[in-house]
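Going by my numbering, the letters in the sequence shown line up with residues 159 to 255, in that order. Taking it in order: structure first as structure tokens, then the write-up.
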Amino acid sequence: MITLFYLAGAIAVISTAAVIVQTNIVHALLYLILSLLAVAVLFYVLGAPFAAALEAIVYAGAILVLFLFVIMMLNLGQHTRDQERSWLSARMFVAPG
159 MITLFYLAGA IAVISTAAVI VQTNIVHALL YLILSLLAVA VLFYVLGAPF
209 AAALEAIVYA GAILVLFLFV IMMLNLGQHT RDQERSWLSA RMFVAPG
């Protein structure tokens, strides 16, 4: 059980970091689903199966699937992607403007 705990924790941390650095929004959302499922496994291993079921059903099952459909329906063009990348450049975090 301790190995499963550390494995789920590592998956949660790595997939959450991937959400932050991912440039494709759909891939970031899929990493977020993986992260929330790993947190559900952590809840289960810690002895809270009801919290694990709620995490999996409510967050990964309902809310993120809704986010996925909304993002897929938006159909953002290349201009929007370029604008978002310019906002997320390193110089904007150092000295905006």
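Using N, Cα and C, we set each Cβ at its ideal position, and we do this for glycine too.
Determine the direct distance from the alpha carbon of Phe227 to that of Val171, and round the result to whole angstroms. As a first step, residue 171 must be located in the sequence shown, where it is residue number 13. As a first step, residue 227 must be located in the sequence shown, where it is residue number 69. Pairing Val171 with Phe227, the inter-Cα distance amounts to about 25 Å.
For Ala175 and Ser193, what's the separation of their Cα atoms in angstroms? Residue numbering aside, residue 175 sits at position 17 when the sequence shown is read from its first letter. Residue numbering aside, residue 193 sits at position 35 when the sequence shown is read from its first letter. About 9 Å.
To the nearest angstrom, report how far apart Leu204 and Ile169 are at their CA atoms. The count along the sequence shown starts at 1 and reaches residue 204 at position 46. The count along the sequence shown starts at 1 and reaches residue 169 at position 11. The alpha-carbon atoms of Leu204 and Ile169 are separated by roughly 16 Å.
Report the residue from Ser173, Ile160, Ile183 and Arg243 whose alpha carbon sits nearest the alpha carbon of Leu232. Taking the first residue of the sequence shown as position 1, residue 232 is located at position 74. When only C-alpha atoms are compared, the closest one is Ile183.
Beta-carbon gap between Ala166 and Ala210 smaller than 8 Å: Numbered from 1 along the sequence shown, position 8 holds the residue referred to as residue 166. Numbered from 1 along the sequence shown, position 52 holds the residue referred to as residue 210. The answer is no: Cβ separation not under 8 Å.
Give me, in chain order, the residues of the same chain whose beta-carbon lies closer than 7 Å to that of Val177; leave out the 5 immediate sequence neighbours on both sides. Counting from 1 along the sequence shown, the entry for residue 177 is found at position 19. Hits under 7 Å: Ala186, Tyr189, Leu190 and Ser193.
Hey, out of Thr181, Ala198 and Val179, whose CA is closest to Phe163's CA? The count along the sequence shown starts at 1 and reaches residue 163 at position 5. Closest by alpha carbon: Ala198.
I think Glu213 touches Phe225, with their Cβ atoms under 8 Å apart; what is that distance to the nearest whole Å? As a first step, residue 213 is located in the sequence shown; it is residue number 55 there, counting from the start. As a first step, residue 225 is located in the sequence shown; it is residue number 67 there, counting from the start. That pair is no contact at about 16 Å.
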